[in-house]
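>
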Amino acid sequence: MSVRLDVDEDTAVAVVTLDRPERLNALDLAAVEQLTGIWRALRFDDSVRAVVLTGAGTRAFCTGIDRDVVVEQPSSPYMLDDPLLRVGPKSCDLWKPVVAAVEGMACGGAFYLLGECEFVVAGADASFFDPHTSYGMVSAYETLLMAQRMPYGEVARMALMGVRERIGAERAHATGLVSELTPRGGAVAAAVSCAEVIAGCPAQAVQGTVRALWAAREGALARGFAQAPQLIALGNLPPGRQAELFRGRRSGHRTR
329 MSVRLDVDED TAVAVVTLDR PERLNALDLA AVEQLTGIWR ALRFDDSVRA
379 VVLTGAGTRA FCTGIDRDVV VEQPSSPYML DDPLLRVGPK SCDLWKPVVA
429 AVEGMACGGA FYLLGECEFV VAGADASFFD PHTSYGMVSA YETLLMAQRM
479 PYGEVARMAL MGVRERIGAE RAHATGLVSE LTPRGGAVAA AVSCAEVIAG
529 CPAQAVQGTV RALWAAREGA LARGFAQAPQ LIALGNLPPG RQAELFRGRR
579 SGHRTR
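Numbers in my numbering are just positions in the sequence shown, counted from 1, shifted up by 328.
(1) Between which two residues does the alpha helix (DSSP H) containing ILE526 stretch?
(2) Would you list the residues sitting across from ASP453 in a DSSP beta bridge?
(3) Quick one: using the 10 Å Cβ neighbour count with 16 as the cut-off for buried, is GLU590 buried or exposed?
(4) Starting from the Cα of THR583, find the closest Cα among SER455, TYR406, GLU337 and give me that residue.
(5) Using the DSSP secondary-structure output, state which residues sit across from ASP336 in a beta bridge.
(6) By alpha-carbon positions, which one of VAL538, LEU472, ALA556 ends up nearest to LEU422?
(7) Roughly how far, in whole angstroms, is the beta-carbon of LYS620 from the beta-carbon of VAL379, given that I think they are within contact range, below 8 Å?
(8) For CYS445, tell me which candidate among GLN535, ALA550, PRO566 has the shortest Cα-Cα distance.
(9) Would you kindly work out how many angstroms separate the C-alpha atoms of ALA450 and PHE439, rounded to a whole number?
(10) Could you tell me the alpha carbon to alpha carbon distance between PRO479 and LEU472, rounded to whole angstroms?
(11) If you drop the 5 nearest sequence neighbours on each side, which residues of the same chain put their C-beta closer than 8 Å to that of PRO511?
(12) Express the C-alpha separation of GLU508 and ARG551 in angstroms, rounding to a whole number.
(13) Can you list, in chain order, the residues of its chain whose CB lies under 6 Å from that of ALA561, leaving out five sequence neighbours each side?
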């Protein structure tokens, strides 16, 4: 299994772990299917009242879609097949609170997940970046989700500068992307501690609050998401050219 689910029945907290550390927890189609299945199954599990989402190991939380995944696309610019559009808890109609615990890198498609968590706890070595423009791709869904969490200029700088710009844990905390910083390796324990507090509150009140918080965001997201397929179709380079840019990627980056 590429995704692991552990439930503590005493605390009513579940920990969902992306378990592909050898691939920096990148998501292949099997992992997407497993993660979607877990979110949907948790809707029916009343023994779970709060969830922590994390990645195995300390090198990465998630690096988005696995580069080896091939997703065939319709020829029309009005239609787009994106397997990550249904990978987050909200898109699976799960309204139990989800806290993200980030160690190491979180980049690209990881923002589909972070954008649908209630808040983010991060270890001191966490870093966040968006590689799309460096490889000839439009950052659409990721940017729309992050624009709901961070100041416009911070999102723009991260998205437009691609792999050369990384936001360190302290900067992510200062700009609101991260709500709590921990020492390296401490993110999961801190996130679980928060989840335990939340799980101790009446479930219906908590879930209603989660739904209310999301309602404040979903109108803007719906408008943006409606335009995303055309923007991606118009702005993305052909896959072969993207692959060339990826193979020729330069080392070195700046972390703020």
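All residues carry an ideal CB built from backbone N, CA and C; glycine is no exception.
Reading it off the structure:
(1) Looking at the DSSP string, the run of the alpha helix (DSSP H) that includes ILE526 is 515-527.
(2) Paired residues: none, contrary to the question.
(3) For the chain, the structure presents residues 329 to 584; residue 590 sits outside this window and is missing.
(4) Measuring C-alpha to C-alpha distances from THR583 to each of SER455, TYR406, GLU337 identifies SER455 as the nearest.
(5) According to DSSP, ASP336 bridges with VAL341.
(6) VAL538
(7) Because residue 620 is not part of the residues shown, which for the chain are 329 to 584, the question remains open.
(8) Check the Cα spacing between CYS445 and each of GLN535, ALA550, PRO566: the tightest is with GLN535.
(9) Their backbone Cα atoms lie some 14 Å apart in a straight line.
(10) 12 Å
(11) GLY451, ALA452
(12) Whole-angstrom Cα-Cα distance: 30 Å.
(13) PRO405
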